[in-house]
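J.: Numbered per the working numbering, the sequence shown spans residues -4 to 246. The beta-carbon is built from N, C-alpha and C at its ideal position, and this holds for glycine as well. Note that the structure is a prediction, hence the values are computed from the model and not measured. Have a look at this one before I ask anything.
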Amino acid sequence: MLIGHQPKEFLLSVEALTVSFDGFKAVNDLSFYVEENEIRVIIGPNGAGKTTVLDLICGKTKATSGSIQFRGQELTRLKENQIVQAGVGRKFQTPSIYDDLTVFENLEISFPRGRTVFGALTFTRDAVVRDRVHEVAEMIFLKDRLNVNAELLSHGQKQWLEIGMLLIQDPELLMLDEPVAGMSVSERAKTAELLNRIIKDRSVLVIEHDMKFVEDIAHKVTVLHQGQILSEGTMEHVQKDPKVIEVYLGH
Ligand code: ADP
Ligand code: MG
């Protein structure tokens, strides 16, 4: 028996992932592994393939070859909605909230349908949903804004609301594409605090350019370049890597 030598369980295992657009490999034989309760940040120059990696994981783009294992399921064989049900939530670069609904209503409609709690009693379900909305609103710094129309929120608050709309579905993997772009310094710091809190129950995969923010959140950084890994490790490690400085950080 090899007690203490069990292979490590990864939440997400991406192996030899490739996608080719008319012969151009935007993601080229890429392998990386995300642990439970990990915040992984993907950085790299524009066009490196970062967004495409998220598109592949959430099923928006079909892989040409390779594998994406999540909790024992092969995501490359699933449709987008099945991947959401498997526990993967993804936030796009532009917020997709309902401007004319309140913060409360935006969160309420994002509560997973068909997730029956304590049987079919409507009032019980309503209470469960309400409690969860309040819990998430507190997490995303919007508990004093519940009755405000979403269109009246600041840009940063809109981003938080969208994160909340994903959190209310309780994903095991949350993917965010440049979440702090356009945020103020204090909003960035609060977003870092938010992510550091929510990984108690999940893992987060983030694409980001703001190095101060990356430093505040990353357990590990994966540097992408031309669809492949240029460097990977702690922030300290990749920041010192001459290849990373040449291709990305030096600019
Ligand atoms: P990043 O997010 O790192 O800036 P992307 O993943 O958006 O980079 O893009 C990587 C490369 O793949 C770019 O050259 C982009 O033009 C190309 N690309 C992305 N999606 C498609 C697509 N659906 N069809 C063709 N080319 C694409
Ligand atoms: Mg991108």
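Between the C-alpha atoms of alanine 213 and glycine 228, what's the straight-line distance to the nearest angstrom?
T.: Computed Cα separation, rounded: 10 Å.
J.: Helix, strand or coil for glycine 151? Go by DSSP, reduced to three states.
T.: Correct three-state label for glycine 151: helix.
J.: Taking the alpha helix (DSSP H) that leucine 49 belongs to, which residues open and close that run?
T.: Run containing leucine 49: 45 to 52, per the alpha helix (DSSP H) assignment.
J.: If I measure Cβ to Cβ from leucine -3 and keep anything under 8 Å in the same chain, skipping five residues before and after, which residues do I get?
T.: For leucine -3, the pLDDT reaches just 49, beneath the cut-off of 50, and the residue's location in the model is therefore unreliable, although a value from the coordinates is still provided. No residues qualify anywhere along the chain.
J.: Output the distance between the C-alpha atoms of glutamine 152 and valine 79, rounded to the nearest integer angstrom.
T.: If I take the Cα positions, the gap works out to 24 Å.
J.: Using CA coordinates, which residue listed in Met170, Asn101 and Ser179 is at the minimum distance from asparagine 142?
T.: With distances taken between Cα atoms, asparagine 142 lies closest to Asn101.
J.: Looking at the secondary structure, which residues open and close the alpha helix (DSSP H) in which aspartate 141 lies?
T.: Per the sequence shown, residue 141 should be read as leucine rather than aspartate. Segment: none, leucine 141 is in no alpha helix (DSSP H) and carries neither H nor E.
J.: Is DSSP giving methionine 178 helix, strand or coil here?
T.: Here methionine 178 sits in coil by DSSP.
J.: Would you check if there are 3 or more beta carbon pairs closer than 8 Å linking the region 161 to 168 to the region 185 to 201?
T.: Yes, the region 161 to 168 touches the region 185 to 201.
J.: Is the separation between the beta-carbon of aspartate 95 and that of glutamate 157 shorter than 8 Å?
T.: Not a contact, by the Cβ cut-off of 8 Å.
J.: Serine 91 by DSSP, collapsed to three states: which one?
T.: Three-state DSSP puts serine 91 in coil, outside helix and strand.
J.: By the DSSP assignment, the alpha helix (DSSP H) with histidine 232 in it spans what residues?
T.: 230 to 235 is the extent of the alpha helix (DSSP H) around histidine 232.
J.: I'd like to know whether the C-beta atoms of proline 107 and valine 242 end up nearer to each other than 8 Å.
T.: No, these two residues do not count as a Cβ contact at 8 Å.
J.: With ligand 1 as the reference, list in chain order each residue whose Cβ lies under 6 Å from any of its heavy atoms.
T.: With the cut-off at 6 Å, the residues found are Phe16, Ala21, Gly39, Asn41, Gly42, Ala43, Gly44, Lys45, Thr46 and Thr47.
J.: Pick from Gln234, Ser226 and Gln221: whose alpha carbon is nearest that of glutamate 210?
T.: For the residues Gln234, Ser226 and Gln221, the minimum Cα distance to glutamate 210 belongs to Gln234.
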